[in-house]
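Worksheet for the structure shown next.
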Amino acid sequence: MSKQKIVVVGNGMVGHKFIDNIIQADSDQYEVITFSEESRLAYDRVQLTAYFNGKSADDLSLTSEAYYQENGVKYLINAKVTELDTENKAVVTDNGHRESYDKLILATGSFPFVPPIPGNDQEHCHVYRTIEDLDAIELSSKQSKSGVVIGGGLLGLEAANAVKNLGLETHVVEFAPRLMAVQLDDGGGALLRRKIEDLGVQVHTEKATSEIVEGENARYRMNFADGSHLETDMIVFSAGIRPQDALARSSDIEIGERGGIVIDDYCQTNIDDVYAIGECALWDNKIFGLVAPGYSMAKVAASHILSNGEDESSFTGADMSTKLKLLGVDVASIGEVHGKTEGAQSYTYNDEIEQVYKRLIVSADGKKIVGAVLVGDAEAYGSLLQIKQNDMPLPENPSVLILPNLADDSGSAMGVEALPDSAVICSCFDVTKGDIKQAVSAGCTTMAALKESTNASTGCGGCSALAKQVLDSELSNLGVEVSNDICEHFAYSRQELTDIIRVNKIKTFDELLESHGQGLGCTVCKPAVGSILASYWNDYILKDEHIELQDTNDIYLGNMQKDGTYSVVPRIAGGEITPDKLIVLGEVAKEYDLYTKITGGQRVDLFGAQLNELPAIWKKLIDAGFETGHAYGKSVRTVKSCVGSTWCRYGVNDSVGLAIKLENRYKGLRSPHKIKFAVSGCTRECAEAQSKDIGVIATDKGWNLYVCGNGGMRPRHADLFATDLDEQTLIQYIDRVLMFYTRTADRLQRTSVWMENLEGGLDYLKEVVIEDKLNVAAELEADIALNIENYQCEWKTTIENPVKMKRFQHYINSDEMDSSLSFIKEREQRFPKPSVNTDQEAERNQALSSTQQIEITEVS
Numbered sequence: 001m002s003k004q005k006i007v008v009v010g011n012g013m014v015g016h017k018f019i020d021n022i023i024q025a026d027s028d029q030y031e032v033i034t035f036s037e038e039s040r041l042a043y044d045r046v047q048l049t050a051y052f053n054g055k056s057a058d059d060l061s062l063t064s065e066a067y068y069q070e071n072g073v074k075y076l077i078n079a080k081v082t083e084l085d086t087e088n089k090a091v092v093t094d095n096g097h098r099e100s101y102d103k104l105i106l107a108t109g110s111f112p113f114v115p116p117i118p119g120n121d122q123e124h125c126h127v128y129r130t131i132e133d134l135d136a137i138e139l140s141s142k143q144s145k146s147g148v149v150i151g152g153g154l155l156g157l158e159a160a161n162a163v164k165n166l167g168l169e170t171h172v173v174e175f176a177p178r179l180m181a182v183q184l185d186d187g188g189g190a191l192l193r194r195k196i197e198d199l200g201v202q203v204h205t206e207k208a209t210s211e212i213v214e215g216e217n218a219r220y221r222m223n224f225a226d227g228s229h230l231e232t233d234m235i236v237f238s239a240g241i242r243p244q245d246a247l248a249r250s251s252d253i254e255i256g257e258r259g260g261i262v263i264d265d266y267c268q269t270n271i272d273d274v275y276a277i278g279e280c281a282l283w284d285n286k287i288f289g290l291v292a293p294g295y296s297m298a299k300v301a302a303s304h305i306l307s308n309g310e311d312e313s314s315f316t317g318a319d320m321s322t323k324l325k326l327l328g329v330d331v332a333s334i335g336e337v338h339g340k341t342e343g344a345q346s347y348t349y350n351d352e353i354e355q356v357y358k359r360l361i362v363s364a365d366g367k368k369i370v371g372a373v374l375v376g377d378a379e380a381y382g383s384l385l386q387i388k389q390n391d392m393p394l395p396e397n398p399s400v401l402i403l404p405n406l407a408d409d410s411g412s413a414m415g416v417e418a419l420p421d422s423a424v425i426c427s428c429f430d431v432t433k434g435d436i437k438q439a440v441s442a443g444c445t446t447m448a449a450l451k452e453s454t455n456a457s458t459g460c461g462g463c464s465a466l467a468k469q470v471l472d473s474e475l476s477n478l479g480v481e482v483s484n485d486i487c488e489h490f491a492y493s494r495q496e497l498t499d500i501i502r503v504n505k506i507k508t509f510d511e512l513l514e515s516h517g518q519g520l521g522c523t524v525c526k527p528a529v530g531s532i533l534a535s536y537w538n539d540y541i542l543k544d545e546h547i548e549l550q551d552t553n554d555i556y557l558g559n560m561q562k563d564g565t566y567s568v569v570p571r572i573a574g575g576e577i578t579p580d581k582l583i584v585l586g587e588v589a590k591e592y593d594l595y596t597k598i599t600g601g602q603r604v605d606l607f608g609a610q611l612n613e614l615p616a617i618w619k620k621l622i623d624a625g626f627e628t629g630h631a632y633g634k635s636v637r638t639v640k641s642c643v644g645s646t647w648c649r650y651g652v653n654d655s656v657g658l659a660i661k662l663e664n665r666y667k668g669l670r671s672p673h674k675i676k677f678a679v680s681g682c683t684r685e686c687a688e689a690q691s692k693d694i695g696v697i698a699t700d701k702g703w704n705l706y707v708c709g710n711g712g713m714r715p716r717h718a719d720l721f722a723t724d725l726d727e728q729t730l731i732q733y734i735d736r737v738l739m740f741y742t743r744t745a746d747r748l749q750r751t752s753v754w755m756e757n758l759e760g761g762l763d764y765l766k767e768v769v770i771e772d773k774l775n776v777a778a779e780l781e782a783d784i785a786l787n788i789e790n791y792q793c794e795w796k797t798t799i800e801n802p803v804k805m806k807r808f809q810h811y812i813n814s815d816e817m818d819s820s821l822s823f824i825k826e827r828e829q830r831f832p833k834p835s836v837n838t839d840q841e842a843e844r845n846q847a848l849s850s851t852q853q854i855e856i857t858e859v860s
């Protein structure tokens with residue numbers, strides 16, 4: 001039997017989600033072909049702003065050509081479908097390619113609305129929708145000092161965040177009387193405006209732009225209908241979206257009065273075998289501009305096709321509640337917030353000192369939630385949303401749900417136990433509490449296993465805390481003890497072990513095991529304890545009593561690469577280096593034929609050193625004034641900097657000088673995970689400080705401190721912690737943050753996850769660090785001072801110890817090099833030759849000295 005052909009027009013997030021549903025069904029009845037108008041396959045538009053924070057297009061990618069090829073999905077990129085022949089069931093692209101179909105999925109999405117303003121099509125006027133749009137914005141920013149975003153909604157504020165991160169003086173122009181007019185009420189909009197303006201973004205509401213003309217002091221002048229004006233070098237339009245329905249309009253498919261492809265509950269159009277999903281689809285006269293409803297449509301359409309119409313699953317609308325962080329400000333909106341529900345009453349909490357606004361709208365009888373607005377503190381969003389979505393009764397006094405420190409005393413049992421099985425925990429993948437319960441019953445006992453089994457928390461990540469609560473609750477219900485013990489050898493969490501080591505001044509693993517543990521230890525507790533010991537006492541990690549606690553990278557003071565060689569990464573504080581030191585790096589790399597690469601942290605990586613070469617390389621570098629860069633350790637790595645006020649005409653303070661001071665201060669600090677810093681000399685933010693664990697930005701009033709951002713698998717923008725600090729106070733706060741993190745974080749936990757898991761989050765961290773709520777500030781500072789006092793360059797200590805030098809041999813009884821390694825030349829440098837014989841590789845590893853551990857950890 002021949003396969004039915006499904007053509008998917010559009011390969012955005014929703015189009016790809018439909019394809020993935022078909023793939024996961026593992027049906028051999030269908031052939032899928034998709035057309036992407038862009039030059040790449042589907043990527044995550046929700047995280048688009050992260051592109052300006054160091055994420056690449058590949059990082060944002062949701063799929064790959066290899067994945068489609070493996071699953072038999074055909075695809076065409078740069079292929080715009082311009083003609084639809086529903087009578088003959090075929091589509092035609094702009095270059096004349098014709099493709100027939102049995103089932104057609106229109107996932108064409110939406111396009112940005114650009115108001116019809118004279119002058120809106122000039123060179124430095126942009127929209128904010130695709131990666132190409134962001135590339136154009138970034139290019140314009142390099143020729144601009146200021147930028148205006150037209151539109152103060154969700155997308156507009158995302159765009160404003162991007163413009164600000166590019167270092168421009170940033171303005172938001174909004175036609176409505178408040179920001180986020182659809183989601184927020186007057187009180188919430190007013191506070192959001194205040195908080196955003198405090199961050200340096202100027203907001204202009206009730207402004208209708210009448211024309212864009214040449215400016216006097218900037219590139220453009222925006223004239224407003226009320227007679228006022230604003231000058232700027234760049235303009236970004238983010239005034240809403242419109243359904244991309246032009247293709248459907250060219251056929252006899254029904255279109256809504258104000259646009260959008262009309263669909264029924266099964267996402268079918270009025271034409272047989274033609275479906276529409278996502279932002280191009282109009283259901284019940286509504287367009288849904290969030291990704292979660294699009295995913296639901298994709299699931300419904302796929303189920304309807306796969307079951308030949310027998311599956312009764314249907315699309316019944318979507319909750320448009322949303323929680324997000326806009327320019328570092330927590331904002332959430334649930335349900336109906338504009339007083340349209342007859343008889344509705346509201347409770348309002350407004351703290352102007354802490355800048356927190358909460359409004360809870362309830363039904364006339366006070367028993368049901370109608371809506372809620374949260375600005376400045378959105379912690380209650382998860383529980384309020386579940387109460388609303390599951391029609392749960394409210395406590396006798398509903399105000400306790402938004403008042404601080406009272407929700408736990410309400411006696412209303414609003415925890416996860418009270419949620420019905422139908423409660424949707426992860427809206428991105430439609431994962432219910434019942435789905436999680438089923439997964440736990442089938443053997444899921446960790447979040448990693450739950451993610452793999454259900455996809456919960458793998459989309460936007462906003463449900464991770466709630467999903468973990470449900471997981472732990474279900475494990476407890478099944479009689480499985482939910483333990484925070486680090487392993488079977490210690491009945492303590494990492495934080496508890498940290499306190500034990502610090503208070504009892506325990507200096508070795510054996511001492512800790514004897515007094516507080518059992519057995520011999522394992523690959524979980526040994527590195528964790530090794531890290532804690534190093535954090536407090538900063539002892540030489542290759543001492544006999546410590547060496548068994550180290551992984552391969554720490555044992556050999558360098559990252560082991562996949563071919564068995566090592567990297568050498570000397571510290572280059574702040575990225576500043578003398579010509580003489582640059583020459584030494586070049587000479588060493590040339591002498592030992594090492595691959596050289598400048599890193600994102602402004603250092604030089606030297607790759608390809610064999611084990612026996614490491615001491616000689618280190619000696620040359622140490623003699624030239626270099627020291628270890630700790631690229632192999634869970635420790636402070638780098639402090640990136642721009643050139644600051646020394647050279648840059650925009651710089652307002654010496655970012656390089658401060659970066660060097662910070663890197664030299666914290667260079668010996670071992671921590672639960674790696675830590676990266678950056679210092680920018682002005683708000684143009686060339687050092688990308690807001691994507692680092694510790695970020696510092698100069699202003700004309702001092703230094704602004706950002707904390708707990710990071711890139712990697714789970715990128716997170718840093719939060720503004722304190723503003724206009726003098727250098728002494730800045731360093732004092734960083735001391736406290738770093739040591740509080742080192743004391744209280746879990747093993748291998750990044751600062752971003754650590755802060756999110758703190759009860760009270762950023763506000764609590766401010767209380768501990770700035771207000772000294774726990775009365776531990778002096779103790780934290782003393783711990784850092786002790787760490788600094790005990791710092792040593794591990795390379796230098798090692799080459800001065802003949803006994804330790806014996807470790808750096810390939811073979812126990814020989815000084816020979818590893819002759820099995822082979823290399824090729826590319827781009828004028830040496831690369832490891834691709835391995836073709838795994839048996840030979842195994843033999844080579846077996847021949848390594850018995851003292852060498854083969855556990856390979858994360859590469860810097």
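With the UniProt record's numbering applied, the sequence shown has no gaps in its numbers, which climb one by one up to 860 at the end. Glycine is no exception: its CB is placed at the ideal position from the N, C-alpha and C atoms.
Item: Can you list, in chain order, the residues of its chain whose CB lies under 8 Å from that of Y791, leaving out five sequence neighbours each side?; Value: N538, K667 and G668
Item: Going by the beta-carbon positions, is the gap between V652 and A698 smaller than 8 Å?; Value: yes
Item: Quick one: is Q550 buried, meaning 16 or more other Cβ sit within 10 Å of its Cβ, or exposed?; Value: buried
Item: Less than 8 Å separating the beta-carbons of T751 and Y764?; Value: no
Item: Could you check the C-alpha separation between L406 and Q202 for me, to the nearest Å?; Value: With a pLDDT of only 45 at L406, under the threshold of 50, the placement of this residue in the model should not be trusted, and no figure is reported.
Item: Residues in its own chain within less than 8 Å of L168 by CB, not counting five upstream and five downstream?; Value: S141, S144, K145, S146, G147, D233, M234 and R684
Item: So the candidates are V236, F237, E663 and N350; which of them puts its Cα closest to the Cα of P404?; Value: N350
Item: With three or more beta-carbon pairs closer than 8 Å as the criterion, would you say the segment 609-617 touches the segment 641-661?; Value: no
Item: Who are the Cβ neighbours of V836 in its own chain at under 7 Å, not counting the five residues just before and after it?; Value: With a pLDDT of 45 at V836, under the threshold of 50, the modelled position of this residue cannot be trusted; read the value that follows with caution. Excluding residues within five positions, none has a Cβ falling inside 7 Å.
Item: Out of curiosity, what's the CA-to-CA distance linking D580 and N21?; Value: 59 Å
Item: Mapping DSSP to helix, strand and coil, what is M320?; Value: coil
Item: Would you decide whether D58 is buried or exposed? Buried here means 16 or more other CB atoms lie within 10 Å of its CB.; Value: exposed
Item: Can you look up N653 in the DSSP assignment and give me helix, strand or coil?; Value: coil
Item: Output the distance between the C-alpha atoms of F721 and L705, rounded to the nearest integer angstrom.; Value: 5 Å
Item: Applying the 10 Å Cβ sphere with the 16-neighbour rule, what's the burial state of K597?; Value: exposed
Item: Is the segment 621-632 touching the segment 560-569, taking contact as three or more C-beta pairs under 8 Å?; Value: yes
Item: Excluding sequence positions up to five away, which residues of its chain have a Cβ less than 6 Å from the Cβ of I131?; Value: A57
Item: Measure the C-alpha to C-alpha separation of P395 and V362 and round it to an integer number of angstroms.; Value: 12 Å
Item: Please report the distance separating the alpha-carbon of R178 from that of G152.; Value: 8 Å
Item: Go ahead and pull the three-state DSSP assignment for M755.; Value: helix
Item: When you compare the CB positions of G256 and N285, do they come within less than 8 Å of one another, or not?; Value: yes
Item: Give a yes or no on whether the C-beta atoms belonging to K80 and E37 are separated by under 8 Å.; Value: yes
Item: To which residues of the same chain is R242 closer than 7 Å at the C-beta, ignoring the five residues directly before and after it?; Value: S110, F111, F113 and G259
Item: Is S849 helix, strand or coil when you go by DSSP?; Value: Any reading at S849 needs caution, since the residue's pLDDT is 34, under 50, leaving its predicted position unreliable; the model's value is listed next. Here S849 sits in coil by DSSP.
Item: Confirm, please, whether the CB-CB distance from I555 to Q602 is below 8 Å.; Value: no
Item: Please look up how many angstroms separate the CB atoms of V480 and T445, rounded, as I've assumed it's under 8 Å.; Value: 7 Å
Item: Could you tell me which whole beta strand (DSSP E) segments of length 3 or greater appear in the segment 155-180?; Value: 169-174
Item: Within 10 angstroms of the Cβ of D186, are there 16 or more other Cβ atoms? Answer buried if so, exposed if not.; Value: exposed
Item: Count Cβ pairs between the segment 755-769 and the segment 503-522 that sit closer than 8 Å; are there 3 or more?; Value: no
Item: So, using beta-carbon positions, are A418 and I486 closer together than 8 Å?; Value: no
Item: What do you reckon, are the CB atoms on F237 and I137 nearer than 8 Å?; Value: no
Item: Residue ranges of each alpha helix (DSSP H) run of no fewer than 4 residues wholly in the segment 317-397, ordered along the chain?; Value: 381-389
Item: F626: which of N664, G600, L155 and T205 sits nearest, CA to CA?; Value: N664
Item: Taking buried to mean at least 16 other C-beta atoms within 10 Å of its own C-beta, is R637 buried or exposed?; Value: buried
Item: For T269 and V7, I'd like the C-alpha separation in whole angstroms.; Value: 15 Å
Item: Excluding five sequence neighbours on each side, which residues of the same chain lie with their C-beta closer than 8 Å to the C-beta of L134?; Value: L48, Y51, F52, Y128 and A162
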